[in-house]
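*Asks:* Numbering (the numbering used here), first residue to last: 596 to 974. For glycine and all other residues, C-beta sits at the position ideal for the given N, C-alpha and C. From a predicted model like this one, the values you see are computed outputs, not experimental measurements.
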């Protein structure tokens, strides 16, 4: 095998047994077989019949567990399901070994077509945001609204803190990294991930940290763990280089679904400065800035994200089945501190340049810890 080749992956039916995936109280896991892939689907029984369907898609190295907190916040408002993309969480690798953005999007589309749940309220974080953008662009019939948390869309100037993750796509880097970190414990790895992904790692509870360590230990026993990470990172980088109709920013412009964009001011993986470009690219969008959040706002501030989503639906004439009282109670005042700067910060889709950037900067300076800045560029 050459140094540029990735190790072969055992067939799914001969993979070693590892510990079971954690299932939070009130959640269910099931396995769904589709052509070429098998997906694990995490769900919470809806509070009542008739709630609109929602689907959550995680980011690179994540799993459906990343959405557990938000799913619980929205259980009275949507019938939520979160998938483990092929090779992540509890889903085995795809039969063809394809981890490109297109392949991940195809997996989401296959599931929605097979389940008949579309159109859904589609959520995506990071890699899942790029996947959700592609799904919404090519299959608008499947997407009712699109909510993107720190979507991994192409950046010209990548943050230095994001470079190590991007380097996973370079042949030979993963093998070198695994050799250099062979002695790292699961606790050390989890602390590193949390410092990279959270605006404030101190928000993670001791129980949450223990659960993350347990999941890390489980994943490291999977023979395809690094293969899935490497190929998905490579697929994301490759997607950044595509031009024409397959370019992710071009596809963002084609999205018809109302789009809620959520960016964290302390995000070390997706540049906060990209929020204005995203707000201009998605034709019908609202931008929520969380100055103290990192890369996974739905895990750090699930109450705020849930409240923003419900208000977004109400503004679009798609009020949840209830008046949002359940979300309001769960928020317990956390979102009531949000700063209303709509008059100062609202930007039309056509506006661009320094005015929009300076407005966003002012919003970040005015907002206190955990406070949200909402813009409505598509109104």
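With a CB to CB cut of under 6 Å and the five nearest residues on each side skipped, what residues in its chain are close to residue 663?
*Replies:* To locate residue 663, count along the chain shown from 1; it is residue 68. For residue 663, where only same-chain residues beyond five positions count, the Cβ hits under 6 Å are 619.
*Asks:* On the premise that residue 852 lies in contact with residue 673, defined as a C-beta separation below 8 Å, what is that separation, rounded to the nearest angstrom?
*Replies:* Residue mapping note: residue 673 aligns to position 78 of the chain shown, counting from 1. Residue mapping note: residue 852 aligns to position 257 of the chain shown, counting from 1. About 15 Å; that fails the 8 Å criterion.
*Asks:* Quick check: is the beta carbon of residue 646 nearer than 8 Å to any beta carbon in chain B?
*Replies:* The structure shown has no chain B; it contains just one protein chain.
*Asks:* How far does the beta strand (DSSP E) with residue 676 in it extend, from its first residue to its last?
*Replies:* In the chain shown, counting from the first residue as 1, residue 676 sits at position 81. Looking at the DSSP string, the run of the beta strand (DSSP E) that includes residue 676 is 674–679.
*Asks:* For residue 654, which residues in the same chain have their Cβ closer than 6 Å to its Cβ, ignoring the five residues on either side in sequence?
*Replies:* Position 59 of the chain shown, counted from the first residue, corresponds to residue 654. So the list reads 720, 721, 722 and 723, once near-sequence residues are dropped.
*Asks:* Figure out for me which residue from 784, 855, 675 and 888 has the closest Cα to the Cα of residue 910.
*Replies:* Taking the first residue of the chain shown as position 1, residue 910 is located at position 315. Of the candidates 784, 855, 675 and 888, the one whose C-alpha sits nearest the C-alpha of residue 910 is 855.
*Asks:* According to DSSP, is residue 796 part of a helix, a strand, or is it coil?
*Replies:* Indexing the chain shown from 1 puts residue 796 at position 201. Correct three-state label for residue 796: helix.
*Asks:* Below 8 Å on the Cβ atoms is my guess for residue 823 versus residue 682; work out the distance and round it to an integer in Å.
*Replies:* Within the chain shown, the letter at position 228 stands for residue 823. Within the chain shown, the letter at position 87 stands for residue 682. Sure, about 3 Å apart at Cβ, within 8 Å.
*Asks:* In terms of DSSP beta bridges, what is residue 742 paired with?
*Replies:* As a working mapping, residue 742 is identified with position 147 in the chain shown. Looking at the DSSP assignment, residue 742 forms a beta bridge with 718 and 855.
*Asks:* Once DSSP output is grouped into helix, strand and coil, what is the label at residue 831?
*Replies:* Here residue 831 refers to the residue found at position 236 when the chain shown is read from its first residue. DSSP places residue 831 in helix when its eight states are reduced to three.
*Asks:* Between which two residues does the alpha helix (DSSP H) harbouring residue 697 extend?
*Replies:* To locate residue 697, count along the chain shown from 1; it is residue 102. 696–710 is the extent of the alpha helix (DSSP H) around residue 697.
*Asks:* What is the rounded straight-line gap between the Cα of residue 865 and the Cα of residue 617?
*Replies:* Numbered from its first residue, the chain shown carries residue 865 at position 270. Numbered from its first residue, the chain shown carries residue 617 at position 22. Those two C-alpha atoms are separated by around 28 Å.
*Asks:* By how many angstroms is the C-alpha of residue 840 removed from the C-alpha of residue 717?
*Replies:* Counting from 1 along the chain shown, the entry for residue 717 is found at position 122. Counting from 1 along the chain shown, the entry for residue 840 is found at position 245. Rounded to whole angstroms, residue 717 to residue 840 spans 22 Å at the Cα level.
*Asks:* In the DSSP assignment, find the alpha helix (DSSP H) that holds residue 803 and state where it starts and stops.
*Replies:* Position 208 of the chain shown holds residue 803. Taken as a continuous stretch (DSSP letters only), the alpha helix (DSSP H) holding residue 803 covers 801–815.
*Asks:* Check this for me: beta carbons of residue 869 and residue 748, under 8 Å apart or not?
*Replies:* Stepping through the chain shown from its first residue, residue 869 is reached at position 274. Stepping through the chain shown from its first residue, residue 748 is reached at position 153. In contact: residue 869 and residue 748 (Cβ atoms closer than 8 Å).
*Asks:* Grab me the residues of residue 696's own chain with a C-beta within less than 7 Å of its C-beta, minus the 5 sequence neighbours each way, in chain order.
*Replies:* One-based indexing of the chain shown puts residue 696 at position 101. Excluding residues within five positions, the ones whose Cβ falls inside 7 Å are 725, 726, 729, 830, 831 and 834.
*Asks:* So if DSSP puts residue 628 in a beta bridge, which residue, or which two residues, is it bridged to?
*Replies:* In the chain shown, the residue the question calls residue 628 occupies position 33. Bridge partners of residue 628: 633.
*Asks:* Between which two residues does the alpha helix (DSSP H) containing residue 665 stretch?
*Replies:* As a working note, residue 665 is residue 70 in the chain shown. Residue 665 -> alpha helix (DSSP H) spans 663–668.
*Asks:* Relative to the alpha-carbon of residue 640, which residue among 633, 676, 795 and 800 has its alpha-carbon at the smallest distance?
*Replies:* Residue numbering aside, residue 640 sits at position 45 when the chain shown is read from its first letter. Among 633, 676, 795 and 800, the Cα nearest to that of residue 640 belongs to 676.
*Asks:* Please report the straight-line C-alpha distance between residue 953 and residue 711, rounded to a whole angstrom.
*Replies:* Your numbering for residue 953 matches position 358 in the chain shown. Your numbering for residue 711 matches position 116 in the chain shown. Note that residue 953 scores a pLDDT of 33, beneath 50, so its modelled location is shaky; the value from the coordinates is reported in the next line. Taking the straight line from one Cα to the other gives about 44 Å.
*Asks:* Please return the same chain residues whose Cβ sits closer than 7 Å to the Cβ of residue 844, not counting the five positions on each side in sequence.
*Replies:* Counted from its first residue, the chain shown places residue 844 at position 249. For residue 844, where only same-chain residues beyond five positions count, the Cβ hits under 7 Å are 748, 749 and 876.
*Asks:* Would you please state the rounded distance, in angstroms, between the beta carbons of residue 648 and residue 733? I believe it to be under 8 Å.
*Replies:* Position 53 of the chain shown, counted from the start, is the residue given in the question as residue 648. Position 138 of the chain shown, counted from the start, is the residue given in the question as residue 733. Not confirmed; about 19 Å, so no contact.
*Asks:* Give me the Cα-Cα distance between residue 850 and residue 735, rounded to the nearest whole angstrom.
*Replies:* If you number the chain shown from 1, residue 850 lands on position 255. If you number the chain shown from 1, residue 735 lands on position 140. Looking at the two C-alpha atoms, the distance is approximately 7 Å.
*Asks:* What residues are listed by DSSP as bridge partners for residue 639?
*Replies:* For the purposes of this step, residue 639 is taken as the residue at position 44 of the chain shown. In DSSP, residue 639 forms no bridge with anything.
*Asks:* Report the CB separation of residue 873 from residue 689 in whole angstroms; it is logged as a contact under 8 Å.
*Replies:* Taking the chain shown and counting its residues from 1, one reaches residue 873 at position 278. Taking the chain shown and counting its residues from 1, one reaches residue 689 at position 94. Not a contact, Cβ separation roughly 29 Å.
*Asks:* Got a sec? Which residues, its chain only, sit under 6 Å from residue 581 by beta carbon, not counting five neighbours each side?
*Replies:* The structure shown does not extend to residue 581, since the chain spans only 596 to 974, so no value can be given for it.
*Asks:* Secondary structure at residue 655, three-state DSSP: helix, strand or coil?
*Replies:* Start at 1 with the first residue of the chain shown, and residue 655 comes out as number 60. In this structure, residue 655 counts as coil in the three-state DSSP scheme.
*Asks:* Taking the continuous beta strand (DSSP E) assigned at residue 885, which residues delimit it?
*Replies:* Here the question's residue 885 lines up with position 290 in the chain shown. Looking at the DSSP string, the run of the beta strand (DSSP E) that includes residue 885 is 880–885.
*Asks:* Using the three-state DSSP reduction, which class does residue 649 fall into: helix, strand or coil?
*Replies:* If you number the chain shown from 1, residue 649 lands on position 54. Strand, per DSSP.
*Asks:* Over the uninterrupted alpha helix (DSSP H) stretch that includes residue 848, give me the two end residues.
*Replies:* For the purposes of this step, residue 848 is taken as residue 253 along the chain shown, with counting starting at 1. Note, residue 848: alpha helix (DSSP H), 843–849.
*Asks:* State the DSSP-derived secondary structure class of residue 786, mapped to helix, strand or coil.
*Replies:* Looking up residue 786 in the chain shown gives position 191. DSSP places residue 786 in helix when its eight states are reduced to three.
*Asks:* If I measure Cβ to Cβ from residue 790 and keep anything under 7 Å in the same chain, skipping five residues before and after, which residues do I get?
*Replies:* Locating residue 790 in the chain shown gives position 195, where the first residue counts as 1. For residue 790, where only same-chain residues beyond five positions count, the Cβ hits under 7 Å are 796.
*Asks:* My guess is that residue 792 and residue 891 are in contact by the Cβ rule of under 8 Å, so how many angstroms apart are they, rounded?
*Replies:* As a first step, residue 792 is located in the chain shown; it is residue number 197 there, counting from the start. As a first step, residue 891 is located in the chain shown; it is residue number 296 there, counting from the start. Between residue 891 and residue 792 the Cβ distance is about 5 Å, and since that is below 8 Å, they are a contact.
*Asks:* Based on the DSSP output, what are the partners of residue 623 in its beta bridges?
*Replies:* One-based indexing of the chain shown puts residue 623 at position 28. DSSP lists 638 as partners of residue 623.
*Asks:* Are the CB atoms of residue 669 and residue 904 within a distance shorter than 8 Å?
*Replies:* Working through the chain shown from its first residue, we reach residue 904 at position 309. Working through the chain shown from its first residue, we reach residue 669 at position 74. The answer is yes: Cβ separation under 8 Å.
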